[in-house]
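Chains as they are written, first to last, in the working numbering: chain A, 1 to 580; chain B, 581 to 1193.
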């Protein structure tokens, strides 16, 4: 412990504590902008400076530790002046058209500028020119970038993809795509962790709402039947920026809100998730019982960020991916085939919209070879959780007062196994629950496989099914994934089945989810999904009555000829940049 | 009314003079990797501020050039802008009335030619080719990328042994380098922006002097692989050290009687005492290196051939150095009394002697080796030693402090004289060196070249001539065994592999030509890493030394503490080390000057520290 004084208050603080943390703990909040604990502690914005008695220069509080006898002033006249000036300097290179900014109201720079009461421009505003392909799912607006470098650090340290880097030098130093590439030439996974960690509106998803809402858009076209599906992880995050508590933001209220936007059908991607388990679980059993025909381990394929990563970084392992489409793509195909047929609708009239916690899904839906319904696209549009929230706000829907309603049939029911698809380990747990049944004809305890749960970046487990050992691993975050793959390649580990999700914590922490600067909410949101699993009366994918009906009426059985054509895909039929 | 006045400097002018000095030092500390177009633009702005304003091309043209360069940088230019920049600059160079405008325009023209790619990248793609890859100046300029801010911080805390351990992560010759490294690390030290570069070598010297013997880390479990190292100099021994730590068994084949290569045979003991060099060598050998001394690789009687070695080992590292003395091709060179520097230093190193007592000696050359033989000749009791050099003293490639030391010890630097022939008597004894006086002439390739003075040649009477104009590499055997040789050196990739021979790697002087110890050490480190990969392993070299966190401190300007030398009268007669240790107070003050670029500025963001390699 060291004895210090902050703003004349004597304190005892643990050695190794940053000045910022010590001040925060003592109730003196120091504003900061670039700081991201553990990831970006580079003291670049100089907003968090404080005055330390006896030291001539001001000291950034984020990367300096307390020391015995230190006397710290967080709001001295010099500090006030410096903080204000540095924020004004940042603003001089920031496009301050807040009214039309995607992050207005959720922007750390805006908050700090407002908090500091900066109402005048003391410096000439010079903005960096913007040159970015606006059709790419990930958009960077150079005129908003404040060069905090968080995107670079997230991509380097957490995701191991090194897409971003510092480019140019001197006064023109900025953030750009590494190695002077165009973003479309890179192996960007589109995980969009850079987006969710951007403090301002410099990074965001391609906002596709207007294509839907405009007068010529599908929602305005009386001929079109608009069909929405909602991914598991969306239901645990959608209410965060609509003023709802987690108790209020139920899946049923979400269904009601989407219905209120005017869509014809609101389906639950949980149906697609249960369908995925039937296909992927059966595929695993097929591979497992014909071990010598396949390379090992088998990888899950439901995360398009991960699929992009594997294809871009380790193309020689692509055959190890399950051929099963991701749940929303399965459901997209299913809607335009089975559902259209069942309802007697022309599938070309259906407009499928997936609400996803994810930006990579936008590119997945654009893969030409993923379409099997005979229509131009199986999933016509992917919107992120954030875009959905914007639509609800635009229509001023009073979500709190909405009458809860179930998702529409026939894709309205999902099991507890499906809902945990949204969290790391969930796909694996769901698959094991059904694989156990498919192999033994009996259900295991639904919580028998729960040691794959938790926010660990790389988890391992081993289960015995019919005397056979099944070794599995679960990783989330591409940096953890790379470590796992390297260990596999070096022969240090071996598994039968591996689940990968590109975003840390899984889809709950997805790049399309609501943004809370400085907070990582994956764990909390994941707990909510496990709660929904627990309280569901059905906890096994093979017990989903609508999935059973779909097999009865249309697909026959898992891995049937028809499901092979419509629910599986060829991962070699399209290429990532640089993939041969 | 006074007809004349004495001008005194105004306060403003005095301040500007100070700022010029600040800027000079700042340019010295310019980090590597900046955008050349941006720098050219910045220089141009300074040039324009210097214009007197009389002539059109300089007053107006430089401003227009500046604007066009800004257009290039801002992405507002097309390829025709480059043509316009060139045309304008050419006209300014042609028509400016004085050097202020003409030389500024020449700088721009030089840039358009020298980094046209950078111009085009900005124009065509709005991007910049420059990138700051390694932002800590000292670390990036050290060929072995030693963690300099790390060990300076450890020295400051008096953690001497930890400093040595940290240095050894990247360089197993901390003692030798503390004494003789040419310290490229100091060239762009950011401290120049405040006062002067840190005495980095001096801090290393403090660490090794104070630490005493520091045990080496434990080797990784044995891999069963065997690697032959041909040549036991700094490069070969560095490779051997790291390969041993990685668990491979190395055998060093050394043709001399003693290990150390040029550190032993090329550097006189007054600069690098043998016992001090042995501190490094013994530490390296303590990892279990096998050594075959007096063992020449070749196809002669009793020699081992490279083919044989390749068949017996899993990999081979060739680090034979550059050990043959070059001669100048002067008439009379082949007589008694003429000796190459390599031969002389080698003889002395092996305990032999060269009889120069009371002789008049001429040394030909201007590099560090020339200074080494000069100072050795003085210690051997020569009556006079004259260093004959074609250019000016300032143009010598030897470190300035070496030249100064030689002069202080009594050598005469005969600048601007080219050797013509060696005069002999009937018994082929040297009687003199005929020289041709030169004047300094036009700048060629960035250096002023000597030119004819039109003065007659004359003879400097002398009894011995030492030729120190460079070293060559003994490549014949390797060439006949299929190792590619190009321009007298072994051809190896930048990752040390010899492309036409699987499992053969090469590095150090035999690849680069005669260079510095630290470059040879770096080559050995690179080779060790790539040999490890080649053998199918991914060992990493790291050290568990915790580096002190930077302290919050102000950085007032301070003078640089230099290493002092023993008094001339005392040192010129013996072979003991010439340098004196720094005092504790000096060490503390000097190490405290480090700006910790590993943390402050870019270092904390990227590339500040490599924990392992």
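Backbone N, C-alpha and C fix where the C-beta goes; we use that ideal spot for every residue, glycine too.
Same chain, Cβ closer than 8 Å to residue i, five either side skipped, listed in chain order
i, result
"residue 466 of chain A", "439, 440"
"residue 996 of chain B", "969, 970, 971, 972, 1017, 1018, 1019, 1020, 1030, 1033"
"residue 286 of chain A", "559"
CB contact below 8 Å: residue i versus chain A
i, result
"residue 1174 of chain B", "no"
"residue 1184 of chain B", "yes"
"residue 855 of chain B", "no"
"residue 1191 of chain B", "no"
"residue 1194 of chain B", "There is no way to answer for residue 1194 of chain B, as the model of chain B reaches only from 581 to 1193."
"residue 586 of chain B", "no"
"residue 1134 of chain B", "yes"
"residue 1042 of chain B", "no"
"residue 710 of chain B", "yes"
"residue 614 of chain B", "yes"
Residues of its chain near residue i, where Cβ-Cβ distance is below 6 Å and the 5 sequence neighbours each way are ignored
i, result
"residue 1001 of chain B", "910, 911, 912, 1014"
"residue 80 of chain A", "none"
"residue 735 of chain B", "743, 783, 786, 787, 1171"
"residue 574 of chain A", "367, 369"
Under 9 Å by beta carbon: chain B residues contacting residue i
i, result
"residue 140 of chain A", "What residue 140 of chain A touches in chain B: nothing, since even the nearest Cβ is about 13 Å away."
"residue 443 of chain A", "Correct list: empty, because the minimum Cβ distance to chain B is about 45 Å."
8 Å Cβ cutoff met for residue i and residue j
i, j, result
"residue 100 of chain A", "residue 7 of chain A", "no"
"residue 256 of chain A", "residue 387 of chain A", "no"
"residue 129 of chain A", "residue 655 of chain B", "yes"
"residue 705 of chain B", "residue 653 of chain B", "no"
"residue 898 of chain B", "residue 1058 of chain B", "yes"
"residue 22 of chain A", "residue 52 of chain A", "no"
Cα-Cα separation, residue i to residue j
i, j, result
"residue 411 of chain A", "residue 426 of chain A", "20 Å"
"residue 64 of chain A", "residue 1132 of chain B", "8 Å"
"residue 1076 of chain B", "residue 1112 of chain B", "12 Å"
"residue 298 of chain A", "residue 708 of chain B", "43 Å"
"residue 1135 of chain B", "residue 19 of chain A", "21 Å"
"residue 597 of chain B", "residue 519 of chain A", "52 Å"
"residue 818 of chain B", "residue 949 of chain B", "23 Å"
"residue 31 of chain A", "residue 435 of chain A", "51 Å"
"residue 269 of chain A", "residue 168 of chain A", "44 Å"
"residue 207 of chain A", "residue 380 of chain A", "14 Å"
"residue 875 of chain B", "residue 292 of chain A", "54 Å"
"residue 252 of chain A", "residue 531 of chain A", "15 Å"
"residue 748 of chain B", "residue 754 of chain B", "7 Å"
"residue 962 of chain B", "residue 1182 of chain B", "53 Å"
Residues that residue i contacts on chain A, provided the C-beta gap is smaller than 7 Å
i, result
"residue 1129 of chain B", "65"
Proximity test, Cβ basis, 8 Å: residue i and chain B
i, result
"residue 218 of chain A", "no"
"residue 180 of chain A", "yes"
"residue 479 of chain A", "no"
"residue 544 of chain A", "no"
"residue 38 of chain A", "no"
"residue 227 of chain A", "no"
"residue 158 of chain A", "no"
"residue 428 of chain A", "no"
"residue 535 of chain A", "no"
Contacts of residue i in chain B (Cβ-Cβ under 7 Å)
i, result
"residue 43 of chain A", "1184"
"residue 356 of chain A", "Ordered by position in chain B, no residue passes the 7 Å Cβ test against residue 356 of chain A, which lies about 33 Å from the chain."
8 Å Cβ cutoff, residue i in contact with chain C
i, result
"residue 170 of chain A", "Absent from the structure is chain C; the protein chains it does hold are A and B."
Closer than 8 Å at the beta carbon, the chain A residues around residue i
i, result
"residue 705 of chain B", "180"
Near the ligand MG: residue i beta-carbon under 7 Å from a heavy atom
i, result
"residue 289 of chain A", "Of the ligands one can find in the structure shown there are none, so the ligand MG has no counterpart to examine."
Chain-ordered neighbours of residue i on chain B, where CB pairs are closer than 8 Å
i, result
"residue 184 of chain A", "Going along chain B, no residue has its Cβ under 8 Å from residue 184 of chain A, so there is no contact; the nearest lies around 14 Å."
Proximal chain A residues relative to residue i, where beta-carbon distance stays under 9 Å
i, result
"residue 618 of chain B", "168, 169, 170, 171, 172"
Contact set for residue i: own chain, Cβ-Cβ below 7 Å, skip 5 residues either direction
i, result
"residue 579 of chain A", "311, 312, 315"
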